[in-house]
Structures are given as C-alpha cells and as structure tokens.
Amino acid sequence: MLTKEQIAKRIAQELKDGYYVNLGIGIPTLVANYVPEGMDVTLQSENGLLGMGPFPTEEELDADLINAGKQTVTTLPGSVFFDSATSFAMIRSGRVDLTVLGAMEVNDKGDIANWKIPGKMVKGMGGAMDLVASAQNIIVAMQHTNRDGESKLLKELSLPVTGLGCVKKIVTNLCVMDVTASGFELKELAPGVSIEDVKAATEGKLIVNGKIPEIEV
Amino acid sequence: MNKVVQNAEEAIIGIRSGMTLMLGGFGLCGIPENTIGALVASGVKDLTCISNNAGVDDFGIGLLLKGKQVKKMISSYVGENAEFERQLLSGELEVELLPQGTLAERCRAAGAGIPAFFTPAGYGTEVAYGKEVRIFDGKNYILEHAFKSDYAIVKAWKGDTDGNLIFKATARNFNPLMAMAGKVTIAEVEELVQPGELDPNSIHTPSIFVNKIFQGVNYEKRIEQRTISA
Chain X
24 MLTKEQIAKR IAQELKDGYY VNLGIGIPTL VANYVPEGMD VTLQSENGLL GMGPFPTEEE
84 LDADLINAGK QTVTTLPGSV FFDSATSFAM IRSGRVDLTV LGAMEVNDKG DIANWKIPGK
144 MVKGMGGAMD LVASAQNIIV AMQHTNRDGE SKLLKELSLP VTGLGCVKKI VTNLCVMDVT
204 ASGFELKELA PGVSIEDVKA ATEGKLIVNG KIPEIEV
Chain D
110 MNKVVQNAEE AIIGIRSGMT LMLGGFGLCG IPENTIGALV ASGVKDLTCI SNNAGVDDFG
170 IGLLLKGKQV KKMISSYVGE NAEFERQLLS GELEVELLPQ GTLAERCRAA GAGIPAFFTP
230 AGYGTEVAYG KEVRIFDGKN YILEHAFKSD YAIVKAWKGD TDGNLIFKAT ARNFNPLMAM
290 AGKVTIAEVE ELVQPGELDP NSIHTPSIFV NKIFQGVNYE KRIEQRTISA
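Chain order of the listed sequences is X and D. So that you can map any letter, position 79 of the first sequence is 102 in this note's numbering, and since no number is skipped, the others follow by simple counting. So that you can map any letter, position 217 of the second sequence is 326 in this note's numbering, and since no number is skipped, the others follow by simple counting.
What follows is the structure, given as structure tokens:
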C-alpha cells in the first residue's frame, strides 16, 4: 500500500517539463514536494497566483500572500498575481496542463463527486467544477476506500456530481488506474497489493489486461 | 467630486436592510475589515452577500452571520464556519453555491455591461438546474447571468483620492471584479494618497468604478492557515 506521500510521489511522475499545474487541497498539494530536480513546473493557485513558491519563513510570512488552501506561501522569480476572473480564464481556456484533485467518489465513466454530502457536509465546490469542466488532463489522488471500508470507485455516484466524464487517471493507496471507455483499467499495483485486493475494493467495472507492474516510488 | 469619506461608518450611509452587497476577499485575505465592522455595528439586516467565502466564526463575514444580519449567501466555498453550517442546516440562512470561476465571471460580467454568458462549469450538476443549456462545438455549456448588486465593498492596498486602486499580492482576488460591478462601490485602502502619487501603469482599478474611498485603520489581516517552512 502507498502512503499519502507515495501517492503524491507517483503522481509527480506524470509531470513534464514546462507544465502549468493546479493542485487541489489534501494529497494533491503534496505533489509539489516531488517535482523532479531540474524540471520546470509552474504551479497555478486559483486565488490568483502563477508560480507558487514554498511556505514562507517567519521573516517572509505575509497575510496577503496565500494559496487556494488559504495557506501562507511565497513567490518565485517570474511569479505573477492576477484577479479571480483572469485565474479562471486560464483554467477554462485549457492553459493549465495538469489538474490534480481529491475525490469522495469516482465512477467508471470518469464522473467525479467531491463537493457535498447532502444533510451532513456542505462546504461548496470552490474552483473544482470549473477545473473539471475544462481541464484536459485530470488526475485524482485519493484513498481507494472510505473510512467505513466502502469503495470510492463506483458504478454510479451516490453523492452530488462535480463534473461528468472528466477523470483520466486515478492514483490510490492500492493502485494506478486509467479511466477508459470500458471502465477502470488497472495499470500498476502498489507494493504488497494483489489484483484480488483491488477487485475487492473496486465496485465499478475493473479491467485487468495482462501482467500488471508494481508502482515504482 | 469628492469621493473621500472619513471612515467606514460614513462609507456605509445608504446601505439599508434587504440590500445585496458584494464583498471582496478570498478566505480572510483581502477582505474589507473596516466596512464589515461598521455593518455589524449598524445592525443592518436581511442582507444578501455575494462573496467567495463566508469568513470564519469570529472574523470577516462570520461576524455578520453571528449577528443574524445575513439572509442569503452567494459563495463558492463556505467550509470554515461552524455558525454558518448551523444556520444553513436549521434553515435560517439561504445559500447559493456556485463554481468559483462562475462567481468571478458573474462579477466581471456585471462590471463589463455583459448581461449573461455561457460556461461549461457545473454542466450536469445541481448548479445547472433550471439554467439554459447550449452546445458549442460539441460541448455543453450553461447560461449564467451577471450579478445585480446594490453595493460592492472592496479592500485595496493603496488608493488615491480620485478612487484609483492598487491591490497587493493575492489580496487582489475578487476585489477588482467587484469594484467594477457595484451600483455603488466603496473602497477601503491601507494607504490613501494624492492623485499623481500612484504610477498610472500600475493601477488595477481605474477611478471611474469607485464612488467612495477611505483609509482604513487597525488592519488585523488574520491568517487562516499559518504555514511556515522549517
């Protein structure tokens, strides 16, 4: 099984030189820690920052400089600030090369739910609906099952949908899967995890073709 | 024309119960602290507030919620506020949640004289209920309308007495969009200077959009997630 850090590390292998990347809150944020040495990746934060730097030192701390998770951050050489409409212009027009999001549920058609649990939790969608409606390349980072051990990879969503048919790849604590026209296609297995383990934890349609390699992190 | 008012109390003269207000800020970053304080003290109620977030329990718009001065919130994310959640679940508070980019564009459209626009965000979700769907180049889009608001209340870093504004870092967020969108726009600034002191190349909001301006006092600038690198 992968830790949260290892999930982030595996997703970082999908980065390419020159990418503009938007990272969601939670595990996706950790991807920033594993950008390969020498690779030029620019992080977009939808509250209005392109070129997000690391957390500040005590001396650098600035209440006016935060990321979309409301954490204090810094700029880097070449960073730029802009208003929220410009930020979502970048997102809707497809300039962001990779979006990494957390999810409560994903179904085998690539629909995602991550903004609301009726009657229990209403936090809102933030920028997630804009991102999933327009991004070409969306990777979901999440645990394979919920706290009750139930699959989060489903035939049909039980929670209100955030976006339709948008998820391309999923990295969980158990495996890496691509969302294809025929369902969740198993691509890689976490160390110590069997195909049977993934089958047992996946409610949606799972496709296993040939020998499945182990995730290298 | 004199746009300068002495303080937030003077700036909010004209804001009455039942009005729709736009309030700038993302989380607690770039919020009009002084004017929110004056609204709380004024006791004005039944407000509809358009703002990306709803503050926290004891700061920002959270203070207006605590005083039960808000009838309806229009936001994209409201996750940091327990009192908000209580009022919502008990039915005291009406809430309309929108995708953040849609919220921003509905402000921008209002300020740009554009009555409505199509966006893909929210297609196939609850957000699309009752909204017109149109297909462009094979993709589904929903019709969203420009916001209508009585007052826009924004916070800038620097401003001049004509009403030109400059925002700082990510405290910009929704502020310049809302500044363009209010029937009346109130700007509170950290530093108010004379015309000519701001570089015309660096101004974010042109003075024409601003009706009242004042230099705020005692900015707390509370940080929600204080993250420090070792």
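Ideal Cβ placement from N, Cα and C applies to all residues, glycine included. These figures come from a predicted structure and were not determined experimentally.
For M148 of chain X, the C-beta contacts it makes with chain D under 9 angstroms involve S185, Y186, L206, L207, P208, Q209, A230, G231, T234 and V236, in order along the chain. In this structure, F283 of chain D keeps its C-beta atom at 8 angstroms or more from the C-beta atom of N190 of chain D. Using a CB distance cut-off of 8 angstroms, C158 of chain D does not count as an interface residue toward chain X. Taking C-beta atoms as the reference points, P51 of chain X and A35 of chain X fail to come closer than 8 angstroms.
Between G49 of chain X and G133 of chain X, the C-beta spacing is not below 8 angstroms. Taken in chain order, the members of the stretch 56 to 75 of chain X whose beta-carbon sits within less than 7 angstroms of a beta-carbon on chain D are E69, N70, G71 and L72. Every beta strand (DSSP E) of 3 residues or more that sits fully in the stretch 58 to 104 of chain X is shown, in chain order, as 65 to 68, 72 to 75 and 98 to 104. Among the CB atoms of chain D, one or more fall inside 8 angstroms of the CB of D153 of chain X. Remark: C-beta atoms of D120 of chain X and Y42 of chain X approach each other more closely than 8 angstroms.
Contact check between the stretch 116 to 130 of chain D and the stretch 141 to 154 of chain D: three or more CB pairs, one atom from each, fall below 8 angstroms, which counts as touching.
Under the three-state reduction of DSSP, V319 of chain D is assigned to coil, being neither helix nor strand. Look at the stretch 92 to 124 of chain X: the residues with a C-beta under 9 angstroms from a C-beta of chain D are G92, K93, Q94, T95, V96, T97, T98, F104, F105, D106, S107, A108, T109, S110, F111, A112, I114 and R115.
For the stretch 76 to 90 of chain X, the set of positions with a beta-carbon nearer than 9 angstroms to some beta-carbon of chain D reads P77, F78, P79, T80, E81, E83, L84, D85, A86, D87, L88, I89 and N90 in chain order.
Residue environment analysis places H254 of chain D among the exposed positions, since fewer than 16 neighbouring C-beta atoms fall within 10 angstroms of its C-beta. For L286 of chain D, the C-beta contacts it makes with chain X under 8 angstroms involve D106, S107 and A108, in order along the chain.
At a cut-off of 8 angstroms between C-beta atoms, S157 of chain X counts as an interface residue with respect to chain D. One finds I89, N90, G92, K93, Q94 and T95 in chain X with Cβ atoms closer than 9 angstroms to the Cβ of Q334 of chain D, taken in chain order. C-alpha of K178 of chain X to C-alpha of M289 of chain D: approximately 45 angstroms in a straight line. When C-beta distances to chain D are compared with 9 angstroms, the residues of the stretch 176 to 187 of chain X below that value are P183, V184, T185, G186 and L187, in chain order. Neighbours of V190 of chain X across chain D, judged by C-beta separation under 7 angstroms, do not exist; the nearest C-beta is about 14 angstroms away. Taking a C-beta distance under 8 angstroms as the contact criterion, L130 of chain D and L156 of chain D qualify as a contact pair. Cβ contact annotation for N273 of chain D (same chain, cutoff 6 angstroms, sequence separation greater than five): L307, I312 and S316, in chain order. When secondary structure is reduced to three states using DSSP, C158 of chain D falls in the strand class. Selection D:F226, D:G220 and D:I140 evaluated against T211 of chain D yields D:F226 as nearest (Cα-Cα). The bridge partners DSSP lists for G206 of chain X are X:T203.
At a cut-off of 8 angstroms, the C-beta of G136 of chain D has a neighbouring C-beta in chain X. C-alpha of I140 of chain X to C-alpha of W266 of chain D: approximately 38 angstroms in a straight line.
Shortest Cα-Cα distance from L66 of chain X to any of X:D87, X:I114, X:K146 and X:E237 involves X:I114. A direct Cα-Cα distance of roughly 48 angstroms separates N196 of chain X from A296 of chain D.
Chain D has a Cβ within less than 8 angstroms of the Cβ of V145 of chain X.
Straight across, the Cα-Cα distance linking D87 of chain X with Q334 of chain D is about 12 angstroms.
Taking C-beta atoms under 8 angstroms as the contact rule, A219 of chain D and K257 of chain D qualify, at a distance of about 7 angstroms.
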